[in-house]
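Colleague:
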Ligand SMILES: *[C@@H]1O[C@H](CO)[C@@H](O)[C@H](O)[C@H]1NC(C)=O
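Numbering (UniProt numbering), first residue to last: 1 to 126.
#1: What do you reckon, is the C-beta of residue 28 under 7 Å from a heavy atom of ligand 1?
#2: Pick from 102, 11 and 91: whose alpha carbon is nearest that of residue 30?
#3: How would you call residue 112, buried or exposed, if buried means at least 16 neighbouring beta carbons within 10 angstroms?
#4: Here's the rule: buried if 16 or more other CB atoms are within 10 angstroms of the residue's CB, otherwise exposed. What is residue 61?
#5: Ends of the alpha helix (DSSP H) at residue 79?
#6: Please identify the residue among 124, 47 and 94 whose C-alpha is closest to the C-alpha of residue 104.
#7: Regarding residue 60 and ligand 1, is the C-beta to nearest heavy atom distance less than 7 Å?
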């Protein structure tokens, strides 16, 4: 997070009914999303999965993270599309192959969306 220049992204553990979700990275660039739900979202990422430089916030004074008014699961995309592009994202956590952040809740972990096929291409400890 500390080395974020504009907008950085990384995997999040225990989210979306899965062990983890993560940005898919090729040649150091985000090319897609490993997620169990609406992978077609522009930024299919949980709000625990990114950081934004203060300079980017200050340069985009009209950008808002809406608490209400976004469709379900679209809060992050609605915000991030105002300030960056997928091509610009900076992958962290060893090209998004490590889970260093968890979406914890005070309830039993839900893995109902864990895939039985189309498994991820990397093996990640959560
Ligand atoms: C991420 O991938 C790029 C391109 O393959 C590589 O140059 C870079 O060293 C990798 N970064 C890390 C932290 O492994």
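Idealized CB from N, CA, C, for every residue including glycine.
Modeller: With the given structure in hand:
#1: yes
#2: 91
#3: exposed
#4: exposed
#5: 75–83
#6: 47
#7: no
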